[in-house]
Every structure is written in C-alpha cells, then in structure tokens.
Ligand SMILES: Cc1cc2nc3c(=O)[nH]c(=O)nc-3n(C[C@H](O)[C@H](O)[C@H](O)COP(=O)(O)OP(=O)(O)OC[C@H]3O[C@@H](n4cnc5c(N)ncnc54)[C@H](O)[C@@H]3O)c2cc1C
Ligand SMILES: Nc1ncnc2c1ncn2[C@@H]1O[C@H](COP(=O)(O)O)[C@@H](O)[C@H]1O
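Protein chains in written order, with my numbering: chain A, 54 to 386; chain B, 45 to 292.
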C-alpha cells in the first residue's frame with residue numbers, strides 16, 4: 054500500500070523512571086512500547102534517564118529495545134522536581150528531534166507529562182492502555198469515565214506526548230545490542246526548583262498496590278482491621294500487595310494510600326483478588342483493567358461477580374486461609 | 045491570600061454511561077451531573093486558606109450553562125465569587141487549560157487549586173497545564189498543605205509513600221482525597237447561593253490537539269465462572285489460576 058511508504062520513521066523519546074538508582078518496572082514497559090512502535094515505523098528509541106549518579110544503570114535499557122540512552126545526572130536531580138524534569142525532557146526531545154515522547158502514567162509521569170506537552174506544543178494522550186500505528190499515525194486507547202468507556206484518540210500535533218498505564222503493557226526482553234549511552238550535561242538554574250522535593254517518605258517499604266502484580270483487596274466484608282492479617286498472609290505467599298475498598302478506608306481500617314477505586318488508586322495487576330468487596334461502580338473504576346479478577350463474597354448477587362473471572366460464593370473467613378494453604382502447597386512453601 | 049479554584053461539572057460517579065449515536069461522545073440523557081468529587085477537596089482547601097490568611101476565593105468553571113449548577117454548589121460551600129467561562133465546544137485538556145489560564149492570569153491569585161482529575165475524561169492534566177501556561181510551579185495529587193509566607197510546604201501521594209515539596213507562591217495545587225474533609229453547605233449558604241450572581245465571560249478558542257475518534261463500551265468479560273459456593277472450591281480455584289490463567 055502506498056500509505057505504508059509514507060510512514061514516518063518515528064524518533065521516540067522514552068522516559069525511563071528510576072528511583073534510588075533502580076529502574077521501575079514501568080521504565081521497561083515504556084521502552085518496550087517505544088520499541089514496538091519503532092519497529093513498525095523503522096524508527097529509533099532514545100531512552101532518557103534523569104537522576105543522580107545513574108550512568109551505571111543506563112545500559113540495562115538496551116535489553117528492552119533502547120537504541121541509545123541519554124543520561125542527565127546531578128545531585129539536585131536525585132529527587133523529582135517538576136519544572137527541572139519537564140525542562141530536561143523537553144530539551145532532550147528537541148535535541149533529538151523526537152516526534153513522540155513516551156512516559157509511564159506513574160505519579161511522576163502523570164505530573165510531568167502535561168508540562169512537557171505544553172512546552173512542546175504537543176497533544177497529550179494520558180493513561181493509555183493500547184498504543185498502535187494506524188495509517189502511519191499513532192492511535193491510542195484510553196479509559197474514560199472510570200473505565201466505563203474506552204476512547205480511541207488521535208493526536209493531531211506534529212509532536213505527540215503519551216503516558217501509558219503501568220502494568221498493562223508487557224515488558225519484552227529482546228536481543229538488543231548494548232546501547233550507546235551518553236551523559237548529557239544541562240545547566241540547572243534556581244528557577245528550575247521553585248517546586249522542590251525535599252523528602253520522600255516510603256510507608257513501611259511495602260509494595261504499593263499501584264505497582265504490585267498481584268493485589269488482594271479487602272472490603273467492608275472483612276468486618277474489622279484485625280482481619281486484614283489473613284489478606285497479608287495470602288499476599289505474602291503470593292508476593293502481592295494488600296488493597297482496600299473505600300468503605301474499609303473510611304472506617305479507618307486501612308490507610309488511604311491503599312484505597313483502590315475512583316478516589317483511590319488505579320491498579321491493573323495480573324491478578325486481583327477482591328475479598329468482601331461488593332464491586333461498586335467506583336471501586337471497579339480503579340481495577341477493571343486487571344488481567345484476572347477473583348471475587349470472594351458471601352452474596353452471590355454481589356456486582357463484583359459480574360466482572361470476576363473466577364468467583365467463590367462463601368465466607369471469606371473460611372476461604373482466605375484455605376486459599377493461602379492451597380497456594381503454599383502448590384508453590385511448595 | 046487570593047485563591048482561584050477550578051471546578052468541573054461531571055457525570056455522577058454512579059451514572060450509567062452510554063455511547064451517543066455519533067460514536068464519539070456520551071449520551072447525556074438521564075445522566076446526573078455533579079461537582080467533580082476532587083474539586084470539592086480543592087474548594088474546601090481554598091476556604092480554609094481564606095479562613096486562616098484572609099483574602100478572596102473565586103470559583104471558575106469552563107463549560108455550558110449547566111456548569112452554573114456546580115458553581116452554585118461552590119457558592120453554597122462559601123466561595124466569594126463564581127465565574128463561568130461560557131463555552132459549549134469540545135475541548136481537550138489543553139483547550140480547557142488555555143481558557144482557565146487566560147482568566148486566572150487577569151486575577152493573578154496567590155494560590156490556584158484544582159482537583160487531581162475530572163472523573164469524566166480522567167485526564168488528570170488540566171491543573172498542571174494551567175501552571176505551565178502561567179509559568180508557575182505546581183504540585184499534583186496533594187494530600188497535605190501548609191502555607192508559610194510566600195512558600196507552601198505540601199505533601200503529594202506517590203507509589204508507596206509521599207513526597208514533601210517546597211513551593212514558591214504563586215503556585216497551583218491539585219487536590220487528592222485525604223487533603224481535607226469537605227464541608228456540607230449549610231442551608232443558609234444554599235439559599236444565599238441561589239441569588240448570587242455568576243459572572244460570565246467568553247474564553248478565546250483554541251484548536252484541538254487531541255481528538256476522540258471513537259468511544260465504546262469495554263469488551264465485557266463474559267460471565268465469569270463461579271467456581272463453587274464454599275471452602276471446598278478452593279483447590280479448584282487454585283488449579284484454574286495455575287493451569288488456565290497460568291499466573292501461579
Ligand atoms: C464519589 C465517590 C467516589 C468513590 N470512590 C471509591 C473508591 O475509590 N474506592 C471504593 O472502593 N469505593 C469508592 N466509593 C464508594 C463505593 O460507592 C462503595 O460504597 C464502596 O466501594 C463499598 O465498599 P465495600 O465493597 O468494601 O463495602 P460494601 O459495599 O458494604 O460490600 C461489602 C461486601 O462484603 C460482603 N461480605 C460481608 N461479609 C462477608 C464475609 N464474611 N465473607 C465474604 N464476603 C462478605 C458483602 O456481601 C458485600 O458484598 C466512592 C463513592 C463515591 C460516591
Ligand atoms: N471545564 C473545566 N472547568 C474548570 N475546571 C476544570 C475543567 N476541567 C478540568 N478542570 C480542573 O482541572 C482538574 C483536572 O481535570 P482533568 O485534567 O480534566 O482531569 C479538575 O479537577 C478541575 O479542577
């Protein structure tokens with residue numbers, strides 16, 4: 054087809070997020086998606102890492118398809134500062150003539166992308182769950198109305214900014230050659246730090262629901278905070294995180310940071326187990342893109358069963374401990 | 045401290061959403077619209093800033109006449125003034141942010157508050173875009189906030205924890221649940237809000253940068269499998285997760 058010859062070779066700037074010198078899984082997802090797009094257009098993936106003393110990890114991104122990696126490092130960039138980071142991303146996009154800037158819709162990516170888009174005079178497609186090439190152009194799919202509808206969107210500006218929802222896209226390891234890594238220096242000014250992160254507190258070091266591959270969520274059906282222990286036991290054998298419905302958070306049983314749903318976090322793990330959660334529209338808004346959903350609820354008519362792949366109708370207090378035992382058996386623990 | 049709060053008018057979170065015949069928008073028939081839930085936290089914070097530091101709170105919304113309903117709610121909660129940037133056109137985040145920034149620039153407030161996200165298009169972008177257009181700092185997904193002179197010290201939610209951010213005012217903040225407990229409008233406030241004027245302005249037009257090509261209902265999962273009705277179903281569930289779903 055004639056059109057295919059017109060496909061522009063995409064130069065994609067993939068922002069690879071790291072924390073404390075370690076890439077987030079989301080970083081590999083971004084590079085993997087960039088690689089898939091580049092493959093389809095004969096384009097190039099230029100990954101960008103920002104932080105302090107991170108040149109040592111940059112080449113890891115080759116494994117996921119980065120052709121080159123740009124490293125911007127400075128002690129002042131150890132923690133995320135919105136204006137500084139946005140300016141660096143924009144400068145690197147300009148330096149490389151990138152036509153696509155890809156970030157993950159993490160706390161950082163969601164904060165930074167709108168600034169980057171405005172600076173580049175680019176359209177922004179936020180929190181995408183599918184990104185494809187159609188007629189030589191990017192077509193993205195993103196949930197709206199809390200996942201009640203999916204929208205296919207087209208960015209009409211020459212430069213395009215997209216954020217992709219964490220945990221949705223597969224991380225693909227390819228036989229990449231070692232990428233060329235360039236440490237690029239940028240001059241930082243006071244004006245870049247009018248919003249400056251001074252501290253990061255990570256609660257108890259436990260896995261966050263938004264990042265976990267397996268999430269076990271408890272709702273009002275758990276009756277009290279002490280009963281979340283059984284979910285934690287299950288989470289431990291599965292290597293997952295424990296989430297909570299708003300009812301459980303409002304009752305003071307769990308911190309707000311654990312809340313899944315419209316006014317909490319959006320999660321899309323491989324496995325989501327809802328225990329004593331009715332499956333309200335607002336709860337489902339935050340977890341409907343999970344790959345497999347298991348529901349445990351004593352009410353057979355609970356709406357959660359309508360979206361569950363597997364359900365057990367019954368008492369959580371009997372089922373969860375039995376499930377933990379059974380999983381232990383399977384995993385030989 | 046003068047504060048501008050941006051408020052959006054969105055379908056109630058419990059509303060059933062259907063695709064309109066054009067295949068690109070939602071069918072609004074029978075859908076109840078409300079003040080965007082996150083914007084309630086933004087209004088509450090604005091009122092608390094005023095109560096502590098003095099000044100004026102203006103609520104602004106971009107949209108059609110229906111947005112007046114949401115502005116009245118803001119007035120009922122206690123904002124001093126409400127402004128409608130009257131516009132019925134379809135705008136993307138940038139278009140909305142441009143109109144709001146244009147208005148806010150004139151007012152030149154010390155603090156701008158938005159919600160973390162509108163629960164319609166779920167972009168979570170307008171707030172930060174306004175800040176960028178105004179050339180001021182911003183912090184999104186804020187869960188605690190303290191003003192000290194020309195500075196704000198705020199905490200924002202990130203994966204697994206919080207970031208503490210120091211910001212020079214004027215600045216924009218987007219509110220996350222947990223920032224405060226929004227007040228219920230008192231009857232007196234509701235009555236007074238009915239007769240308060242809502243200023244109207246016409247924002248300038250901007251070309252769209254992002255177009256919705258089509259919207260659709262997500263593919264239904266099909267009816268899930270009820271594996272069993274008591275604890276005896278557990279081994280079968282584990283087998284399915286292991287062999288069928290291949291996740292264990
Ligand atoms: C604007 C707005 C935003 C919201 N945002 C969110 C949000 O982000 N997240 C969220 O979760 N909610 C949110 N909600 C609240 C939502 O509407 C529901 O009220 C909430 O999700 C209910 O929580 P739940 O499922 O734990 O409780 P319930 O609805 O009370 O359900 C409890 C379930 O437990 C089951 N149960 C009871 N005992 C047992 C047992 N022994 N074993 C097994 N099952 C048992 C019951 O059958 C029932 O289905 C929001 C609401 C509004 C209006
Ligand atoms: N039409 C609008 N009028 C006023 N404020 C808006 C409008 N749209 C979005 N906002 C503000 O921007 C925030 C984020 O919205 P969004 O980027 O649409 O998710 C909302 O919580 C509001 O504070």
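For every residue, glycine included, the Cβ atom is placed at its ideal position computed from N, Cα and C.
Note that the structure is predicted; figures quoted are calculated from it, not measured.
Check your understanding: Taking three-plus beta-carbon pairs below 8 Å as touching, is the stretch 81 to 97 of chain A in contact with the stretch 220 to 231 of chain A?
Key -> Touching, yes.
Exercise for review: With hydrogens ignored, establish whether the beta-carbon of residue 220 of chain B is closer than 7 Å to any heavy atom of ligand 2.
Suggested key: Along the second chain, read from residue 1 onward, the residue named residue 220 of chain B stands at position 176. Taking 7 Å as the cut-off, the C-beta of residue 220 of chain B does not count as close to any heavy atom of ligand 2.
Exercise for review: Would you list the residues whose beta-carbon is nearer than 5 Å to any heavy atom of ligand 1, in the order they occur in the chain?
Suggested key: Residue selection by CB proximity (closer than 5 Å to any heavy atom of ligand 1) returns A:272, A:273, A:274, A:298, A:299, A:300, A:314, A:315, A:316, A:317, A:329, A:330, A:331, A:333, A:335, A:336, A:350, A:351, A:352, A:355, A:368, A:369, B:57 and B:81 in chain order.
Check your understanding: Helix, strand or coil: how does DSSP classify residue 105 of chain B here?
Key -> For the purposes of this step, residue 105 of chain B is taken as residue 61 along the second chain, with counting starting at 1. Three-state result, residue 105 of chain B: strand.
Practice item. Run the proximity test for residue 96 of chain A: is its beta-carbon closer than 7 Å to any non-hydrogen atom belonging to ligand 2? Key: Locating residue 96 of chain A in the first chain gives position 43, counting from the first residue. Answer for residue 96 of chain A: no, Cβ out of range of ligand 2.
Point to revise | Same chain, Cβ closer than 6 Å to residue 119 of chain A, five either side skipped, listed in chain order | key: For this step, residue 119 of chain A is matched to residue 66 along the first chain. For residue 119 of chain A, where only same-chain residues beyond five positions count, the Cβ hits under 6 Å are 84, 98, 100 and 232.
Point to revise | is_contact[residue 239 of chain B, chain A] using C-beta, thresh 8 Å | key: On the second chain, position 195 is the one that residue 239 of chain B refers to. No, residue 239 of chain B lies away from the interface with chain A (no Cβ there is under 8 Å from its Cβ).
Practice item. Quick one: using the 10 Å Cβ neighbour count with 16 as the cut-off for buried, is residue 56 of chain B buried or exposed? Key: By one-based count along the second chain, residue 56 of chain B stands at place 12. Classification for residue 56 of chain B: exposed.
Review point. Less than 8 Å separating the beta-carbons of residue 311 of chain A and residue 347 of chain A?
Key: What you label residue 311 of chain A is simply residue 258 of the first chain in a count that begins at 1. What you label residue 347 of chain A is simply residue 294 of the first chain in a count that begins at 1. Contact: no.
Check your understanding: Under 8 Å between the Cβ atoms of residue 357 of chain A and residue 320 of chain A?
Key -> The count along the first chain starts at 1 and reaches residue 357 of chain A at position 304. The count along the first chain starts at 1 and reaches residue 320 of chain A at position 267. At least 8 Å separates the beta-carbon of residue 357 of chain A from that of residue 320 of chain A.
Review point. Enumerated in chain order, which unbroken segments of the alpha helix (DSSP H) with a length of 4 residues or greater are wholly contained in the stretch 309 to 339 of chain A?
Key: Correct list: 334 to 337.
Check your understanding: Could you give the residue range of the alpha helix (DSSP H) that holds residue 226 of chain A?
Key -> Here residue 226 of chain A refers to the residue found at position 173 when the first chain is read from its first residue. Following the DSSP letters along the chain, one finds residue 226 of chain A in no alpha helix (DSSP H), marked with neither H nor E.
Exercise for review: Identify each residue in the stretch 235 to 266 of chain B for which the Cβ-Cβ distance to at least one residue of chain E is less than 7 Å, and report them in chain order.
Suggested key: The structure shown contains no chain E; its protein chains are A and B.
Practice item. Pull up the CB-CB distance for residue 360 of chain A and residue 269 of chain A, whole angstroms please, since I reckon it's below 8 Å. Key: Your numbering for residue 360 of chain A matches position 307 in the first chain. Your numbering for residue 269 of chain A matches position 216 in the first chain. Contact between residue 360 of chain A and residue 269 of chain A fails: their C-beta atoms lie close to 16 Å from each other, not under 8 Å.
Exercise for review: Would you mind telling me which residues of chain B sit closer than 8 Å to residue 390 of chain A, beta carbon to beta carbon, in chain order?
Suggested key: Past the edges of chain A, shown from 54 to 386, lies residue 390 of chain A, and the structure says nothing about it.
Check your understanding: Buried or exposed: which applies to residue 196 of chain A, given that a residue is buried once 16 or more other Cβ atoms fall within 10 Å of its Cβ?
Key -> Translated into positions along the first chain, residue 196 of chain A becomes position 143. Per the 10 Å Cβ criterion, buried.
**Study point:** Residue-chain proximity (residue 197 of chain A, chain B), Cβ-Cβ < 8 Å
**Key:** What you label residue 197 of chain A is simply residue 144 of the first chain in a count that begins at 1. By this cut-off, residue 197 of chain A is an interface position.
Review point. What is the residue span of the alpha helix (DSSP H) that residue 358 of chain A lies within?
Key: Counting from 1 along the first chain, the entry for residue 358 of chain A is found at position 305. Run containing residue 358 of chain A: 357 to 360, per the alpha helix (DSSP H) assignment.
Practice item. Would you decide whether residue 49 of chain B is buried or exposed? Buried here means 16 or more other CB atoms lie within 10 Å of its CB. Key: Reading the second chain from its first residue, position 5 is the one you call residue 49 of chain B. The residue is buried, with at least 16 neighbouring Cβ atoms inside 10 Å.
Practice item. Please classify residue 120 of chain A: does DSSP put it in a helix, a strand, or coil? Key: What you label residue 120 of chain A is simply residue 67 of the first chain in a count that begins at 1. Coil.
Practice item. Taking residue 264 of chain B as the reference, give the member of A:115, A:202 and A:103 with the closest Cα. Key: Locating residue 264 of chain B in the second chain gives position 220, where the first residue counts as 1. Ranking the options by Cα distance to residue 264 of chain B, first place goes to A:202.
Check your understanding: If you measure from the beta carbon of residue 176 of chain B to each beta carbon in chain A, is any gap under 8 Å?
Key -> Translated into the one-based positions of the second chain, residue 176 of chain B becomes position 132. So yes, residue 176 of chain B belongs to the interface.
Practice item. Give the residues from the stretch 147 to 166 of chain A that approach chain B closer than 9 Å (Cβ to any Cβ), ordered along the chain. Key: Those residues of the stretch 147 to 166 of chain A that come within reach of chain B (Cβ to Cβ, closer than 9 Å) are 158, 159, 160, 161, 163, 164, 165 and 166.
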